[in-house]
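>
Residue numbers (my numbering): 31 to 589.
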């Protein structure tokens, strides 16, 4: 049944309202728009959404956009998202509001001929519902124009009670296996139904779906965020594989069995029950195809991040002040990070790695900051003369591998400090001219060297599982490059998950890595030989052969 839309002009904003809302809840729209009329449609979000011209930093912006009437959840230069509520005769109503601001002349000219982003999402939500896909209920959309030129658009949807997005749901520590399996099957069924009905969500990710508990181990999945959604014919072939690969970027947090549960439900709907994924060869081929496509997507992201993390963009900021300069992750205070460099309190030095004369010396220490509230791993190196590329490579490798879903210590900041050649040390002048570099990363507790962890495994089955997972981890690293030297102590460590006692591998020293997505077979197998040599007499011949066999198996998937 097609939804009938009515329009109403309130001030200088034209609102589109579904007639269904007037039929089901006749008092609610009146209450919402009565409020808009009382305070003015534009001032409904004024000083809570708009960026003031006098705003000079994020702190002022955050102060401006938060208020009692509007709870800001996300904000950016051209899009803001938050929640609010209003009271009608039938009670309190919670709503989400997404606001799009036209920030460039090109966008303003573009929307003279095509609908605004908010209006496009509004009408897409009804088309999706009409095709049998659970979607959030759209209350209204508004467009503010000046002489026909779009300035701002508002998209208002009803808040659904007792829901989480799938990313939050799956990472819930109290989630039991039966619930996880049931949600994976329902998610596969909903995704398959979307593609069979011609609904293409190009940003296919867990956080773009909501899950609602219905009781008796039953769940409902809602499709949300229609900015990157398109209506087309039946989604098949390469496009379908690409979409599933984007979802597969979740990495190693989901097992092969979890992926099979999703795929069985997905294919059963896509093929209208005519084709089931019961054949292991068929399942293996489909998973391999998805994995290969996933790696292609990740490689493109890794290459982009490798160069982008040394430029000012939406994730990183440049810092220049006095003798310090560098980059830092948005959301952190650069001055606070720099204050850690001169703070000698609570430092615990871990190790020092000496390279040859042409390479720097790296000494690392752990700073237990704010009385243990925040723990950072603080990496330091010094180099004589010139401008070092080493620390830039460390920063670029860490960010790139993190983008590739490889477990590394999250880099928070990179700073260079110029050493003054006239600086006095006692009575003598320092005869050095160059820089001192600092890398600040997040720290993880309870990590140990892979050899030490392996020696604590008791059963043969546990040791085989260890080499199985290590082979997969090394193969995932090789998707993006190879090691540049012998495997050193703590290059790869094992971390323990606090909640479910599972362990994971962590790549610590990313400076011992060469980003090269086209590394040949010979170089990759040199790395495998290095790892076997690193374990030495701790493993027997059978375990070494098993490790090589597992790596060879996964190598065929990706290369």
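For every residue, glycine included, the Cβ atom is placed at its ideal position computed from N, Cα and C.
(1) Taking the DSSP output, what are the residues bridged to residue 526?
(2) The beta strand (DSSP E) that contains residue 250, what's its start and end?
(3) State the Cα-Cα distance for the pair residue 85 and residue 106, rounded to the nearest angstrom.
(4) Taking all protein chains shown into account, decide if residue 291 is buried (16 or more other Cβ within 10 angstroms of its Cβ) or exposed.
(5) When you compare the segment 150-170 with the segment 206-219, are there three or more beta-carbon pairs, one atom per stretch, that lie closer than 8 Å?
(6) Measure the alpha-carbon distance for residue 189 versus residue 125 and round it to whole angstroms.
(7) Thinking C-alpha only, which one of 147, 229, 161 is nearest residue 257?
(8) Using three-state DSSP, classify residue 145 as helix, strand or coil.
(9) What residue range is occupied by the uninterrupted beta strand (DSSP E) comprising residue 46?
(10) Span of the alpha helix (DSSP H) holding residue 269?
(11) Go to residue 502, then tell me how far its alpha helix (DSSP H) extends in each direction, as first and last residue.
(12) For residue 155, which residues of its own chain have a beta-carbon under 7 Å away from its beta-carbon, when the five flanking residues on both sides are left out?
(13) Taking the alpha carbon of residue 41 as the point to measure from, which residue in 176, 249, 355, 495 has its own alpha carbon closest?
(14) What are the partner residues of residue 603, as DSSP defines its beta bridges?
(15) Over the uninterrupted alpha helix (DSSP H) stretch that includes residue 299, give me the two end residues.
(16) Rounded to the nearest angstrom, how far is the Cβ of residue 228 from that of residue 44, given a contact under 8 Å?
(17) What does the Cβ neighbour count give for residue 261, buried or exposed, with the cut at 16 atoms within 10 Å?
(18) Look at residue 230 and residue 259 and say whether their C-beta atoms are less than 8 Å apart.
(19) Residue ranges of each alpha helix (DSSP H) run of no fewer than 4 residues wholly in the segment 144-228, ordered along the chain?
(20) Measure the C-alpha to C-alpha separation of residue 226 and residue 233 and round it to an integer number of angstroms.
(21) Can you tell me where the alpha helix (DSSP H) with residue 366 in it begins and where it stops?
(22) Give the secondary structure of residue 113 by DSSP, where H, G and I count as helix, E and B as strand, and everything else as coil.
(23) May I have the straight-line CA-CA distance separating residue 437 from residue 475, to the nearest angstrom?
(24) Pull up the distance between the alpha-carbon of residue 525 and that of residue 114, whole angstroms please.
(25) Is it the case that the segment 536-550 contacts the segment 481-495, given that we only count it when at least three CB pairs across the two stretches are under 8 Å?
(26) If you compare alpha carbons, which of 511, 488, 367, 444 is closest to residue 431?
(27) Ignore the nearest five residues each way along the sequence and tell me which others in residue 300's own chain have a CB closer than 7 Å to its CB.
(28) For residue 478, which beta-bridge partners are listed by DSSP?
(29) When we look at the beta-carbon of residue 201 and count the other beta-carbons within 10 Å, is it buried (16 or more) or exposed?
(30) Whole angstroms is fine: what's the gap from residue 128's alpha carbon to residue 218's?
(31) Can you tell me which of the three DSSP states residue 439 falls into?
(32) At which residues does the alpha helix (DSSP H) containing residue 588 begin and terminate?
(33) For the ligand ADP, any of its heavy atoms closer than 7 Å to the Cβ of residue 133?
(34) Where does residue 507 land, buried or exposed, given buried means 16+ other C-beta within 10 angstroms?
(35) I'd like the list of long-range same chain contacts for residue 329, defined as Cβ closer than 8 Å, with 5 residues on each side in sequence excluded.
(36) Give me whichever residues DSSP pairs with residue 484 in a beta bridge.
Checking against the coordinates, here is how it stands:
(1) Secondary-structure assignment with DSSP links residue 526 through a beta bridge to 533.
(2) For residue 250, the uninterrupted beta strand (DSSP E) run begins and ends at 248-253, by DSSP.
(3) Reliability of the predicted coordinates at residue 85 is poor, the pLDDT of 32 falling under 50, and the value obtained from them is presented with this limitation in mind. Those two C-alpha atoms are separated by around 13 Å.
(4) Sixteen is the threshold: when 16 or more other Cβ atoms of the shown chains lie within 10 Å of the Cβ of residue 291, as they do, the residue is buried.
(5) Under the Cβ criterion (8 Å, minimum of three pairs), the segment 150-170 does not count as touching the segment 206-219.
(6) C-alpha separation (whole angstroms): 5 Å.
(7) In this structure, 147 is the residue among 147, 229, 161 with its C-alpha nearest to the C-alpha of residue 257.
(8) In this structure, residue 145 counts as coil in the three-state DSSP scheme.
(9) Where residue 46 is concerned, the enclosing beta strand (DSSP E) starts and stops at 43-48.
(10) Unbroken alpha helix (DSSP H) run through residue 269: 267-277.
(11) For residue 502, the enclosing alpha helix (DSSP H) starts and ends at 490-508.
(12) Counting only residues of its own chain and dropping the five nearest sequence neighbours on each side, residue 155 has a CB closer than 7 Å to the CB of 165, 166, 168, 256.
(13) Minimum Cα-Cα distance from residue 41 among the listed residues 176, 249, 355, 495 corresponds to 176.
(14) Lying outside 31 to 589, the shown extent of the chain, residue 603 is not represented and no answer is given.
(15) Looking at the DSSP string, the run of the alpha helix (DSSP H) that includes residue 299 is 286-300.
(16) At roughly 30 Å, the Cβ-Cβ gap does not stay under 8 Å, so residue 228 and residue 44 are not in contact.
(17) Taking all protein chains in view, the Cβ of residue 261 is surrounded by fewer than 16 other Cβ atoms within 10 Å, so the residue is classified as exposed.
(18) With respect to residue 259, residue 230 sits close: the two C-beta atoms are nearer than 8 Å.
(19) You should have 147-160, 196-200, 207-226.
(20) A straight-line Cα-Cα distance of about 17 Å links residue 226 and residue 233.
(21) Element bounds for residue 366: 364-369.
(22) Three-state result, residue 113: strand.
(23) Looking at the backbone, the Cα of residue 437 and that of residue 475 are separated by about 14 Å.
(24) Here the alpha carbons of residue 114 and residue 525 stand approximately 41 Å from one another.
(25) Not touching, per the Cβ criterion.
(26) Taking only the C-alpha atoms, the option nearest residue 431 is 511.
(27) So the qualifying residues of the chain are 222, 225, 226.
(28) Beta-bridge partners of residue 478 (DSSP): 524.
(29) Exposed: under 16 other Cβ atoms inside 10 Å.
(30) Straight-line measurement puts the Cα of residue 218 at about 28 Å from the Cα of residue 128.
(31) Annotated three-state conformation of residue 439 is coil, per DSSP.
(32) For residue 588, the enclosing alpha helix (DSSP H) covers residues 571-588.
(33) Of ligands this structure carries none, so the ligand ADP is not represented either.
(34) Burial of residue 507 is indicated by the presence of at least 16 other C-beta atoms within 10 angstroms of its C-beta.
(35) The beta carbon of residue 329 sits closer than 8 Å to the beta carbons of 434, 509, 510, 547 from its chain, once the five residues preceding and following it are set aside; these are given in chain order.
(36) Its beta-bridge partners do not exist; DSSP assigns none.
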